[in-house]
Structure formats: C-alpha cells, structure tokens
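2 protein chains.
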Amino acid sequence: MQFEVTILGSNAAIPAHGRFPSAQVLNYNGEVFLIDCGEGSQFRMNDFSIKRARLNNIFISHLHGDHYYGLIGLLNSFHLNWRENPLHIYGPSGLEEIVNVHLKHSRTELRYKIHFHPIVADVPTIVYDDNTLTVETIILNHRLPTTGYLFKEKKYLRKILADKILQYEIPHNLINEIKAGADFTDNTGKIIPNQELTVDSVPPRSYAYCSDTCYTENFVEQIRGVNLLYHEATFVHEHEARAMETFHTTSKQAGNIARLAEVDKLIVGHFSARYANLDTLLSETREVFADSYLAIEGTTFAIESSVAV
Amino acid sequence: MQFEVTILGSNAAIPAHGRFPSAQVLNYNGEVFLIDCGEGSQFRMNDFSIKRARLNNIFISHLHGDHYYGLIGLLNSFHLNWRENPLHIYGPSGLEEIVNVHLKHSRTELRYKIHFHPIVADVPTIVYDDNTLTVETIILNHRLPTTGYLFKEKKYLRKILADKILQYEIPHNLINEIKAGADFTDNTGKIIPNQELTVDSVPPRSYAYCSDTCYTENFVEQIRGVNLLYHEATFVHEHEARAMETFHTTSKQAGNIARLAEVDKLIVGHFSARYANLDTLLSETREVFADSYLAIEGTTFAIESSVAV
C-alpha cells in the first residue's frame, strides 16, 4: 500500500529560482489527492507523470494565489480531456465563486460535476472519510482563514493467527468480526478471548500538511506522532521578525513544531523568493529537528508500512 | 529601434509536450507589450528575462483559459513586487470581473491601478495610441468574441536634407514642421516645396496577431503587407474538418492568409496537443507560404528597419 507525497511546488508568493508555487500530491495506494494547486501545477503533474485519472479530491488551504491559481487550469484541462468522474474540492467557500466566474465567461459547462466542500477554518473537522483514510482540517493562523490537512490511514483490522483458526475450527464467516476485535465462542460454549486469536496489525500511517501559518503550538496535539509532517518554513531564522509580521514561520520554528509533536520526519517548504540557496534554511531546521528535508520539486517522500500488512 | 516578438507559449487548449499555452511579448524600443497570458506566462517571462518593469499594456484576445489563466498570477506578482505604475489591460469586458473576484477573496488591494479597456469584438478599432505606435483590433471568428491585435508603427517624419538647411538658411524652429511635410518660405517670399527639402523615411513596421479564429479572409485587407503575421494553425491539413468544427485554422489555411495578405513573414502557433512533432505542420504551411516559422517558445522574431533611421 503506497502512502507517499510528491512535491509539485514549494515557493512562497512569487515563483522564483525555477521554483513553482505550492502544490503536492499524496498517492495513497494509487488514489491521488492534490493538496494546494499553485499556478502551473498541471505542468508539474505532466513533468512528474502524476496519474490524473486517479485524482478525485483536491484540498486547498487558503485563497492566497500561490496556493490555488493553478486550479482553474487543471479543471479546464479535465474538461477538455473528457473527464466524466465527479471531482471533490475542499477549501474556502470563495473557491466556488472564483471557479464559476471563469466558467461563465468562457461559456463552459463542465463535462463532469464538481462538488465543492466549503471549509470553515474554525475547529478541526473530518472533511473526508472513506474505507481506508480520513482527512481532517488543521486550524492554522494566517492572514486569511487557512486550514492544513491531516491524512490518517484508518486502523487496520487485527491479524488473525492461522494456527488458531485451525485449532478452534473458526468458521470463515466469523473471521472479519474477530479481526475487528470480537472474541470467539466455540461449539462447547467456551469463550476464546480475542487477544489469544489475533495480533495487532501495523500502526496506521499519517501525513500532516501545514501551510501557511505563523508559529503556533495550537495543533501540536492533533499532529502528535505523525509519520510525516510538512510545515512551512518561509524564512531563515535571521528573518524571524519578518515571519511574524507576515504570519509565516522560520526554519527553527518549523523544526520546533516537529520536535514538540514528536513526528518521524519533517519536510519544510514555502520558501521565500529571497533565498536562491536553501542550505541555511535546511541546516537551521536540522539543528532543531535532525530528520528534516527540503520540499524540492519532484521529490517523493514515502511512508513505509512498519511491516508487510 | 527594436521591434521584436518573443514567444512565451504556443500550445492550444491543454499544455502538452512541454509547450505552454498562448502568450507573447512585443518589445518596441524597450517598451514591453504582452499579448495573451496563458497559465505560466510569468514563469516564461522569468525564463526569457523579459523586463517586467517596462510592461504597462496587456492585450487579451478572448476568454478561453489558454489565453488568460496566467493573468491573475502576473498581476499578483506585480503587487507583491511593489509595482506602482498603472497597468492597462485590453480585452473582453469579463476580465475585470474575473480579476476582481480573485482579489476580493484574497482581500488584496493592489498597490497599483489597473485600467481595464473593455473591447467589443465588432469592428476594427484603435485601442492604443502613443507617439510611435498604434494598436487596433482585428475581428476574428471564434466560438467566443475574439480579437486579434495589429501593432503599427507610426509613419516616421520625413528626413530633411542637411545641405538644404544650409542652402536656404532654414531656421531651427521650422525643422520639425518641414519634417512633417510643410513647405518652406524663404525671406524673399519664395516657396520651396517640401519635396525638394526632404526625402521619405523608412516605412513604418507592423505586426499582426491573429489567434484564435476559423479560416476567414475578412481581415486580409486590414493586415495587407504587414512585416510579421502570427496566425494560429491549430491543426495540420488532414484535420481540416476538426478545425472547422472548433473554429480553428489549419497549416495551409494560415499559409493562405499570409499569401493573400502579402505579408513578409508568417509565424504559426496555437498547436493542438495531439501533435508532439510539428514538422508536418510547418512543411504544409511552407508549401503555401515559404517564409513561415513555428512559434517555438523562447524564439524572438525581430522586424528590422529597412535602413537606419
């Protein structure tokens, strides 16, 4: 089961140094989730061979242009490529008006249905839920209402032990119940506790996307222990005052969030156009949290299962 | 005096094969005019070192996304880069609403003033006029109201002959009048006709941008003899039926317009995403009009003055 994040763009505000604005895709077992969609995201999807046919859900953090200006182009290309599957868009309510005003003036009636899921950046809320994955909002603190997104694999069923199935002659139709935690009553009436029949499965995996925000520890508990955290680090430590002023975060502050939340791995991104070279930004982050990486476009960060499921 | 066109993007509808959607810049003596602004135009301006500080006028042909989706990103980047000079945008009236709905949702008040010049695609109209250049609309025939743009250098003043200034003791303050065509009366009352005092200057240069349109000869007279014509050629000859259906033009049809209008040189562009290779499209165009070229991104087409002015 793949669970991997590919960076499409990571620059703040203005494209510079060949870096595109914010966009990422999460590939969960072949299903593609797009997270933010800065201008040119569709070009990057071509460049990195992202399978659009499996893209059905788009999550937008907020309505600064560097996070969504590529959306209308992608939607239009879906239309021109004869998409028929419905598309779900999660983000601030203004998105619907923005998309519709474009469609109106080009007299376009899309060949597919868009379901807008307006998000109120107020309290963490589960906005997406399928058999295997949930997505909940993370409340960030920025100049506009802004939400991050926490992608959480659902807990796997417990693994049932093959020798116990034989030993207790467990019928096939009870297997799933037992995997889900039920005890088993054999035909003598004896109750075999679930603990004896099953072992715990691998822990579910998780990815937290936090961009844009000033430094805040408000969501640390919510993202505690995630396998992978993307946190914006627009500025190096020296420009901390500028970070506060613009409701952004520095390298060290991002590292600190990762440290406090005890995540496995940190990606930093949303780099200010003032930095052609990102070495300082990375080394400062690593001073605080060693397992940190730059959100370089085209890089894929995979979260492996602890053991084969 | 530079008069040159640089291609930023030339693909139709959907970006493909590394080709960006439509956008060009015309550099007239350092002043930059942007013609159409498909998604990613600002990236291409970076790539090709286009001087944005000298960009004050943007011309949009119509409201299909591949011709304007890059506009809001460029406007926003101007804002973030502290632009103060007013900007003029010529194009369909819907542009103002589109731009404003984006700005509203990002709560952005631009640091500079945008003057929208709504264009009615009805009859050819001069929409821009300065000391040296005019721009008039070309009425195209597409699925949406669409205008091309004809950039015409103004006729230079006539060249006054130095020896005649000495011979007739022409006072300095009359020079410009005579360059503009006036006769000269000497202090005996004798009238020296302008023809004796001046020679014609080099012919003014012109560039016509025609995208998107079905095949129509309606504007041939208007563009007759231009130095450089850009005409869309979305399809190869084989796909003529598809061209008609979508209100586009083929290679040979574009060549035919160039031939009928007796232009000096033809650029074809707006290539369908179905063609990875453009060799056929070019060779077919050249069968009809030899001096034809592909609108390859990054290429600059210069129109030289016939002689030094």
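Chains as they are written, first to last, in the numbering used here: chain A, 1 to 309; chain B, 1001 to 1309. Backbone N, C-alpha and C fix where the C-beta goes; we use that ideal spot for every residue, glycine too. Quantities reported herein were computed from a predicted structural model and do not represent experimental measurements.
query = Using a Cβ-Cβ cut-off of 7 Å (strictly less than) and excluding sequence neighbours within five positions of Gln253 (chain A), which residues of its own chain qualify?
reply = Position 253 of the first sequence, counted from the start, is the residue given in the question as residue 253 (chain A). If we look at Gln253 (chain A) and ignore the five residues flanking it on each side, its Cβ neighbours are Tyr215.
#### Entry: Burial state of Ala1290 (chain B) (16 or more Cβ within 10 Å)
Within the second sequence, numbered from 1, the residue matching residue 1290 (chain B) stands at position 290. Looking at its Cβ environment, which holds fewer than 16 other Cβ atoms inside 10 Å, Ala1290 (chain B) is exposed.
Note to self: Does Asp326 (chain A) pass the burial test, meaning 16 or more other C-beta atoms within 10 Å, or should it be called exposed?
What the structure shows: Here chain A comprises residues numbered 1 to 309, so residue 326 (chain A) is not present and cannot be evaluated.
query = With distances taken between CB atoms, is the gap from Ser1010 (chain B) to Leu1294 (chain B) smaller than 9 Å?
reply = Translated into the one-based positions of the second sequence, residue 1010 (chain B) becomes position 10. Translated into the one-based positions of the second sequence, residue 1294 (chain B) becomes position 294. With contacts defined as CB atoms closer than 9 Å, Ser1010 (chain B) and Leu1294 (chain B) qualify as a contacting pair.
Which residues bound the beta strand (DSSP E) around Phe1151 (chain B)? Against the second sequence, residue 1151 (chain B) aligns to sequence position 151. First-last of the beta strand (DSSP E) with Phe1151 (chain B): Thr1147 to Glu1153.
Give me the Cα-Cα distance between Lys1164 (chain B) and Thr1125 (chain B), rounded to the nearest whole angstrom. Position 164 of the second sequence, counted from the first residue, corresponds to residue 1164 (chain B). Position 125 of the second sequence, counted from the first residue, corresponds to residue 1125 (chain B). Between the C-alpha atoms of Lys1164 (chain B) and Thr1125 (chain B) there is a straight-line separation of about 40 Å.
task = Give every residue of the same chain whose Cβ lies closer than 6 Å to the Cβ of Tyr1230 (chain B), excluding the five residues on either side of it in the sequence, and list them in chain order.
result = Translated into the one-based positions of the second sequence, residue 1230 (chain B) becomes position 230. If the five residues before and after Tyr1230 (chain B) are omitted, its C-beta is found closer than 6 Å to the C-beta atoms of Tyr1209 and Ile1267, all from its own chain and listed in chain order.
- Message: With a threshold of 9 Å between beta-carbons, can Ile7 (chain A) be considered close to chain B, or not?
- Response: Translated into positions along the first sequence, residue 7 (chain A) becomes position 7. No, its Cβ sits nowhere closer than 9 Å to a Cβ of chain B.
- For Ser10 (chain A), does the three-state DSSP call read helix, strand or coil? Here the question's residue 10 (chain A) lines up with position 10 in the first sequence. In this structure, DSSP gives Ser10 (chain A) a state outside helix and strand, which the three-state scheme calls coil.
Proximity winner among B:Thr1249, B:Tyr1128, B:Asn1173 and B:His1172, relative to Arg1154 (chain B) (alpha-carbon distances) | For the purposes of this step, residue 1154 (chain B) is identified with residue 154 of the second sequence, where counting begins at 1. The residue you asked about is not Arg; residue 1154 (chain B) is Lys in the sequence shown. Checking every option, the nearest Cα to that of Lys1154 (chain B) belongs to B:Tyr1128.
Is the Cβ-Cβ distance between Gly1225 (chain B) and Ser1206 (chain B) less than 9 Å? As a first step, residue 1225 (chain B) is located in the second sequence; it is residue number 225 there, counting from the start. As a first step, residue 1206 (chain B) is located in the second sequence; it is residue number 206 there, counting from the start. Yes, these two residues count as a Cβ contact at 9 Å.
- Near Pro1145 (chain B), what residues of its chain come up, given a Cβ to Cβ distance below 7 Å and the 5 sequence neighbours on each side ignored? If you number the second sequence from 1, residue 1145 (chain B) lands on position 145. His1062, Pro1092 and Ala1121.
Where Ser10 (chain A) meets chain B, residues with beta-carbon distance less than 8 Å
Your numbering for residue 10 (chain A) matches position 10 in the first sequence. In chain order: nothing, as chain B lies at least about 14 Å away.
message: Using the Cβ count rule (16 or more neighbours within 10 Å means buried), how would you classify Gln1195 (chain B)?
response: Along the second sequence, one-based indexing puts residue 1195 (chain B) at 195. It counts as exposed.
Between the alpha carbons of Gly189 (chain A) and Glu169 (chain A), how many angstroms are there, rounded? By one-based count along the first sequence, residue 189 (chain A) stands at place 189. By one-based count along the first sequence, residue 169 (chain A) stands at place 169. Approximately 13 Å, taken between the alpha carbons.
Run through chain A and tell me which residues come within less than 7 Å of Val1101 (chain B), C-beta to C-beta. Within the second sequence, the letter at position 101 stands for residue 1101 (chain B). Ordered by position in chain A, the residues that pass the 7 Å Cβ test against Val1101 (chain B) are Glu97, Ile98 and Val101.
**Study point:** Minimum Cβ-Cβ distance from Lys1051 (chain B) to chain A less than 9 Å
**Key:** Against the second sequence, residue 1051 (chain B) aligns to sequence position 51. Contact with chain A is absent for Lys1051 (chain B), since none of that chain's Cβ atoms lies less than 9 Å from the residue's Cβ.
**Request:** Put Phe2 (chain A) into one of helix, strand or coil per three-state DSSP.
**Result:** Here residue 2 (chain A) refers to the residue found at position 2 of the first sequence. Note that residue 2 (chain A) is Gln in the sequence shown, not Phe. DSSP places Gln2 (chain A) in coil when its eight states are reduced to three.
| said: Against Ala1013 (chain B), what residues of chain A qualify as contacts under a CB-to-CB distance less than 7 Å, listed in chain order? | reply: Counted from its first residue, the second sequence places residue 1013 (chain B) at position 13. Those are Leu80, listed as they occur along chain A.
What in chain B is Cβ-close to Ser77 (chain A), meaning under 9 Å? Translated into the one-based positions of the first sequence, residue 77 (chain A) becomes position 77. Listed along chain B are Ala1013, Ile1014, Pro1015 and Gly1065, each with a C-beta nearer than 9 Å to that of Ser77 (chain A).
Please state if the CB of Gly18 (chain A) and the CB of Glu39 (chain A) are separated by a distance shorter than 9 Å. Along the first sequence, read from residue 1 onward, the residue named residue 39 (chain A) stands at position 39. Along the first sequence, read from residue 1 onward, the residue named residue 18 (chain A) stands at position 18. Glu39 (chain A) is not a Cβ neighbour of Gly18 (chain A), given a cutoff of 9 Å.
message = Does chain B have any CB closer than 9 Å to the CB of Lys179 (chain A)?
response = In the first sequence, the residue the question calls residue 179 (chain A) occupies position 179. Chain B contact via Cβ: absent.
Cross-strand partners of Glu1232 (chain B) (DSSP beta bridge)
For the purposes of this step, residue 1232 (chain B) is taken as the residue at position 232 of the second sequence. In the DSSP output, where bridge partners are listed per residue, Glu1232 (chain B) has B:Gly1269.
Original post:
The alpha helix (DSSP H) with Gln334 (chain A) in it runs from where to where?
Top reply: As displayed, chain A neither begins before 1 nor continues past 309, which places residue 334 (chain A) out of reach and without an answer.
- Message: My output table needs one value for Thr1108 (chain B): the three-state DSSP class, helix, strand or coil.
- Response: Position 108 of the second sequence, counted from the first residue, corresponds to residue 1108 (chain B). Coil, per DSSP.
Inset, instruction - With a 10 Å radius around its C-beta and 16 neighbouring C-beta atoms as the bar for buried, classify Asn1076 (chain B) as buried or exposed. - result: Here residue 1076 (chain B) corresponds to residue number 76 of the second sequence, with the count starting at 1. Asn1076 (chain B) comes out buried.
| message | I need the straight-line Cα distance from Phe184 (chain A) to Ser41 (chain A), nearest angstrom please. | response | In the first sequence, residue 184 (chain A) corresponds to position 184, counting from 1. In the first sequence, residue 41 (chain A) corresponds to position 41, counting from 1. Straight-line Cα distance between these residues: approximately 52 Å.
| query | Could you give the C-beta distance for Leu1008 (chain B) and Glu1297 (chain B), rounded to a whole number, given that I count them as a contact under 8 Å? | reply | Looking up residue 1008 (chain B) in the second sequence gives position 8. Looking up residue 1297 (chain B) in the second sequence gives position 297. The distance from the Cβ of Leu1008 (chain B) to that of Glu1297 (chain B) is about 6 Å, consistent with a contact at the 8 Å cut-off.
Quick check on Asp1036 (chain B): does DSSP put it in helix, strand or coil?
In the second sequence, residue 1036 (chain B) corresponds to position 36, counting from 1. Correct three-state label for Asp1036 (chain B): strand.
Problem set entry | Among A:Gly269, A:Gly181, A:Tyr90 and A:Arg259, the one whose alpha carbon lies nearest that of Glu221 (chain A) | Working through the first sequence from its first residue, we reach residue 221 (chain A) at position 221. Checking every option, the nearest Cα to that of Glu221 (chain A) belongs to A:Arg259.
Rank A:His105, A:Ser106, A:Glu109 and A:Leu95 by C-alpha distance to the C-alpha of Leu1103 (chain B) and give the top, closest one. Walking along the second sequence from the start, residue 1103 (chain B) turns up at place 103. Looking at the Cα atoms, A:Leu95 is the closest of the given residues.
So that I know if they touch, is there some Cβ in chain A lying closer than 9 Å to that of Glu1039 (chain B)?
Mapped onto the second sequence, residue 1039 (chain B) falls at position 39. Yes, Glu1039 (chain B) lies at the interface with chain A (some Cβ there is under 9 Å from its Cβ).
Margin query: Against chain B, does Gly94 (chain A) count as a neighbour if the rule is that its beta carbon must be under 9 Å from one of theirs?
Written below: Taking the first sequence and counting its residues from 1, the one referred to as residue 94 (chain A) is at position 94. It does; some Cβ of chain B falls within 9 Å.
query = Does the beta carbon of Leu150 (chain A) sit closer than 9 Å to a beta carbon anywhere in chain B?
reply = Along the first sequence, one-based indexing puts residue 150 (chain A) at 150. The beta carbon of Leu150 (chain A) does not come within 9 Å of any beta carbon belonging to chain B, so the residue lies off that interface.
_So if I threshold CB-CB distances at 7 Å, which residues from the segment 1164-1178 of chain B count as touching chain A?_
Taking 7 Å as the upper bound on Cβ-Cβ separation, chain A lies near no residue of the segment 1164-1178 of chain B.
Open item on the list: Give me the residue from B:Leu1150, B:Val1236, B:Ile1223 and B:Pro1015 with the minimum Cα distance to Ile1060 (chain B).
Closed with: As a first step, residue 1060 (chain B) is located in the second sequence; it is residue number 60 there, counting from the start. Ranked by how close their Cα comes to the Cα of Ile1060 (chain B), the residues B:Leu1150, B:Val1236, B:Ile1223 and B:Pro1015 have B:Leu1150 in first place.
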